[in-house]
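Asker: The structure's right below; bear with me while I get my questions together.
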Amino acid sequence: MPAITTTDLTKRYENETAVRDLNLEVQSGEIYGFLGPNGAGKSTTINMLMDYVYPTTGEIRILGLDPHQDLVDVHQRVGILPDRFSVYDQLTGRQHLNYIIDSKSAGENPTDLLSRVGLADAATQQAGNYSRGMQQRLALAMALVGEPDLLILDEPFTGLDPHGARAIRELVEEENERGATVFFSSHVLGQVELVCDRVGILNEGQLIAEGNIGDLRLETGVKATVTLTVEGLSSGVVEAVRSVESVTDVTTNGAELLVKTGQSDRRMELIETVEQNGGTVKTFSVREPSVEEIFISYTEAETGPREQ
Amino acid sequence: MRWSPLARKEFNTLLQSKGLGLLSLVLIVTSYFSIGGPSYVSDSLGPNITLAAFQLPVVVFGGFGTVLISYRSIINERESGSIKFVSGMPLRRYEILIGKIFSRTAALCIPVLLTFVIVGLVGTIQYGSFSLSQFVLLLLVSILYVLANVCIGTSISAIANTSIQAATTTFSYYIIFILGWIDFFTIQLYSALTGVPVNPLNPPASEFLFILHRGGPSGAYNVLTNAILGVGNSASWVTAVIADQLPNTRSNALVVDLAFTGQQPMILDEPLALLSFAFWIIIPLLIGGYAFQRTDLA
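What follows is the structure, encoded as structure tokens:
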């Protein structure tokens, strides 16, 4: 059974359509990254999944349940880290946790949860005095209450330093190993690449691409760059490499040969070609296209290049 | 009761707030200085004069404190974003409203209770022992009055789209239905609706006028507290009601016994003022609950 299904989900406001005919299926047990530029409709979608906002048309199923009709059951089984939230300034970190633990009748120890997000030392401080990153981690700890079957994280990396982002990634992986499905939105694409099984790209309220990152790389045709340091680099070597199938561009920089290719797994063929034409490969590296490049490729294909 | 963790958290937060302490202080001081008054009041009430001292402070200051503490309960959370935690809990929206109302009413009972106990003790020392049963009844009616105002304030908070809108609506409600209803707006509204001018010193025997008078929460509270004190069937302030019934004296109180000669209309029976409270509890809750249920929270 899918953890999340949306069918023709649409949310229209007076002057704009935030989400349009969204058909989404997130399988149980996967880590799904929901990507899109600001204003793409990611948070509106999550708000509809949580029944904070009502769809104009379309259907939603969360763990097989209707989030409006079966709201209590759904919220009992879902942990949410919302976007643009505010903590209760006067409550301590521990009191925040106790509040959610009570509401879900969960038996967890708040200190354990705070330890998992690195806030054990700040458990008795008022959350109003927390930094934004600490508040983000506190909200994540609140989302973990009750060992949810589905974790929905809206922009979880916002306000976090690299250590905080890594901690979130590790938690996401731990929760996924426990059996939880994780659905998160983000525009911090480097983090997405490190943690997601599958991604969906939302632009102007519509899902424009979906799949695992490898498939999307192939689909967009965004090229990998193979860099070879060659002893005896000659124009003959360059021309021979240029003739290799899937190579689209070859440039040189001193002894370096930079090759753009649609198939980075053909590197052995590139090395053989260099060596057969009198060159000797000293070093060699491959840079795969990043999620960011894939993302830009998709969103610009839809809307045209963005103005700087 | 799934809403009890929410109510508990809200109650504890309110206990830490300065507002509750300030309200306690204002109620105690104003109630204390309300004990006594003209000699005809003490002549009429005897030791129960202490009990009469609660009426005006509870209506005016208790009412103000109550709506002040209630009107931001939901809109503030919507504006700050903390509503996403509340509405992410396994709670239906009506349960969120109930939790907010229950916690606020419970918290606001503390200043009311403190005032009754402290001023009651001081009054007993100064004026002798009052009726304990009347004391308890007055306390219960005061809690009912607090509950009605919490329902109104919370419902305004649930309906409003901005805190400014909520504040404007709340203060309009307070000025019209609490502060000005008894001595001013009832008469103005009656005259506007019927075209009949009213001289409050000699009010017409109009059921509609008297129903309007006790139709506001403050009027209903006064009817019940005046009935408990046994001073007369009126939604006006206890001192004015007593004065109006003295020979050769007239006040601006609208007293049923004086306006209607012979059989008094049943609809003006004092216990029916409880219906007015029921109206001010149920109708705002229905409207607020309906609006909150349909609102996008983000």
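Quick mapping for you: the protein sequence lines, in order, are chains A and B.
Quick note: the first sequence uses this note's numbering, first residue 1, plus one each step.
Quick note: the second sequence uses this note's numbering, first residue 1001, plus one each step.
A virtual CB, placed ideally from N, CA and C, is assigned to each residue, including glycine.
Candidates B:V1141, B:T1050 and B:V1146: which alpha carbon is nearest I1125 of chain B's?
Answerer: Among B:V1141, B:T1050 and B:V1146, the Cα nearest to that of I1125 of chain B belongs to B:T1050.
Asker: Looking at the strands, I want to know which residues DSSP matches up with E59 of chain A.
Answerer: Paired residues: A:T7.
Asker: What's the call for L1138 of chain B, buried or exposed, on a 16-neighbour Cβ count within 10 Å?
Answerer: Label assigned to L1138 of chain B: buried.
Asker: Along chain B, in chain order, which residues have C-beta atoms closer than 8 Å to that of S94 of chain A?
Answerer: Residue identity check: residue 94 of chain A is Arg in the sequence provided, not Ser. Going along chain B, no residue has its Cβ under 8 Å from R94 of chain A, so there is no contact; the nearest lies around 13 Å.
Asker: Determine, using beta-carbon pairs with one atom in the region 1107-1119 of chain B and one in the region 152-164 of chain A, whether at least three such pairs fall under 8 Å.
Answerer: These segments do not touch.
Asker: Under a Cβ-count criterion, where at least 16 other Cβ atoms within 10 Å of its own Cβ denotes burial, should T1194 of chain B be classed as buried or exposed?
Answerer: Exposed, because fewer than 16 other Cβ atoms sit within 10 Å of the Cβ of T1194 of chain B.
Asker: Please return the same chain residues whose Cβ sits closer than 7 Å to the Cβ of T1030 of chain B, not counting the five positions on each side in sequence.
Answerer: P1057 and F1061.
Asker: Go to Y1094 of chain B, then tell me how far its alpha helix (DSSP H) extends in each direction, as first and last residue.
Answerer: Y1094 of chain B -> alpha helix (DSSP H) spans R1093 to Y1127.
Asker: When burial is assigned at 16 or more other CB atoms within 10 Å of the CB, is Y13 of chain A buried or exposed?
Answerer: Its Cβ having fewer than 16 others within 10 Å, Y13 of chain A is exposed.
Asker: Starting from the N-terminal side, write out each stretch of the alpha helix (DSSP H) that is 4 residues or longer and does not extend beyond the region 1155-1243 of chain B.
Answerer: Those alpha helix (DSSP H) runs which fall completely within the region 1155-1243 of chain B and span 4+ residues are 1163-1173, 1186-1194, 1207-1213 and 1217-1229.
Asker: Please work out which residues of its chain come closer than 7 Å, Cβ to Cβ, to V286 of chain A, disregarding the five sequence neighbours upstream and downstream, and give them in chain order.
Answerer: Only A224, V226, S264 and R267 meet the Cβ criterion.
Asker: Do we get a CB-CB distance below 7 Å when we pair P55 of chain A with the residues of chain B?
Answerer: Judged by the 7 Å Cβ criterion, P55 of chain A is not in contact with chain B.
Asker: Is it buried or exposed for D1244 of chain B, if we count other Cβ within 10 angstroms and need 16 for buried?
Answerer: D1244 of chain B should be labelled buried.
Asker: With 7 Å set as the bound, which would you pick, yes or no: does the beta-carbon of A1298 of chain B sit closer than that to a beta-carbon of chain A?
Answerer: Yes, contact with chain A.
Asker: Check the Cβ-Cβ distances between S1103 of chain B and every residue of chain A, and say whether any is below 7 Å.
Answerer: No, no contact with chain A.
Asker: State the DSSP-derived secondary structure class of Y1071 of chain B, mapped to helix, strand or coil.
Answerer: Correct three-state label for Y1071 of chain B: coil.
Asker: DSSP state of F157 of chain A, grouped into three classes?
Answerer: DSSP places F157 of chain A in coil when its eight states are reduced to three.
Asker: Might you give, ordered along the chain, the residues of its own chain that have their beta carbon closer than 7 Å to the beta carbon of Y52 of chain A, omitting 5 neighbours on each side?
Answerer: Correct list: empty, nothing qualifies.
Asker: Among residues of its own chain, excluding the 5 on either side of I31 of chain A, which ones have a beta-carbon nearer than 7 Å to its beta-carbon?
Answerer: Closer than 7 Å at Cβ, skipping near neighbours: V172, N176, V182, V195, C196 and D197.
Asker: Excluding sequence positions up to five away, which residues of its chain have a Cβ less than 6 Å from the Cβ of G1123 of chain B?
Answerer: Same-chain partners within the cutoff: I1035 and T1050.
Asker: With a threshold of 7 Å between beta-carbons, can M134 of chain A be considered close to chain B, or not?
Answerer: So, not an interface residue.
Asker: What residues from chain A crowd round S1082 of chain B, counting only those whose CB sits closer than 8 Å?
Answerer: Within chain A, the residues near S1082 of chain B are F85, S86, V87 and Y88.
Asker: Which partner residues of Y32 of chain A appear in the DSSP bridge assignment?
Answerer: Beta-bridge pairing links Y32 of chain A to A:F183 and A:R198.
Asker: With DSSP as the reference, label D1257 of chain B as helix, strand or coil.
Answerer: If DSSP states are grouped into helix, strand and coil, D1257 of chain B belongs with the helices.
Asker: Between L1071 of chain B and G1153 of chain B, which are expected to be in contact by the criterion C-beta below 8 Å, what is the C-beta distance as a whole number of angstroms?
Answerer: Leu is not the amino acid found at residue 1071 of chain B; the sequence shown has Tyr there. The pair is a contact, with the Cβ atoms about 4 Å apart (cut-off 8 Å).
Asker: Helix, strand or coil for S285 of chain A per DSSP?
Answerer: Strand.
Asker: Is any beta-carbon of chain B found at less than 7 Å from that of M50 of chain A?
Answerer: Judged by the 7 Å Cβ criterion, M50 of chain A is in contact with chain B.
Asker: Contact between the region 1193-1213 of chain B and the region 1251-1260 of chain B: three or more CB pairs below 8 Å?
Answerer: The region 1193-1213 of chain B is in contact with the region 1251-1260 of chain B.
Asker: Does any residue of chain A have a CB that is nearer than 7 Å to the CB of K1009 of chain B?
Answerer: So yes, K1009 of chain B belongs to the interface.
Asker: So, I100 of chain A versus I152 of chain A, is the Cβ gap smaller than 7 Å?
Answerer: No; because the gap between Cβ atoms is not below 7 Å, this pair is not in contact.
Asker: I need the boundaries of the alpha helix (DSSP H) containing T45 of chain A, first residue and last residue.
Answerer: Looking at the DSSP string, the run of the alpha helix (DSSP H) that includes T45 of chain A is K42 to L49.
Asker: For the candidate residues B:V1136, B:A1235, B:C1151 and B:I1143, whose alpha-carbon lies nearest to that of F1185 of chain B?
Answerer: Looking at the Cα atoms, B:A1235 is the closest of the given residues.
Asker: Drop a sphere of 10 angstroms on the beta-carbon of M1001 of chain B, count the other beta-carbons inside from all chains shown, and report buried for 16 or more, exposed for fewer.
Answerer: By the neighbour-count rule (16 or more Cβ atoms within 10 Å), M1001 of chain B is not buried but exposed.
Asker: Could you name the residues of chain B that K104 of chain A contacts, counting a contact when the two beta carbons are closer than 8 Å?
Answerer: Within 8 Å Cβ-Cβ: M1089 and P1090.
Asker: Between the C-alpha atoms of P1038 of chain B and L1258 of chain B, what's the straight-line distance to the nearest angstrom?
Answerer: Rounded to the nearest angstrom, the two C-alpha atoms are 21 Å apart.
Asker: Please indicate yes or no: does the CB of P1265 of chain B lie closer than 6 Å to some heavy atom of the ligand SAM?
Answerer: This structure lacks the ligand SAM; in fact it carries no ligand of any kind.
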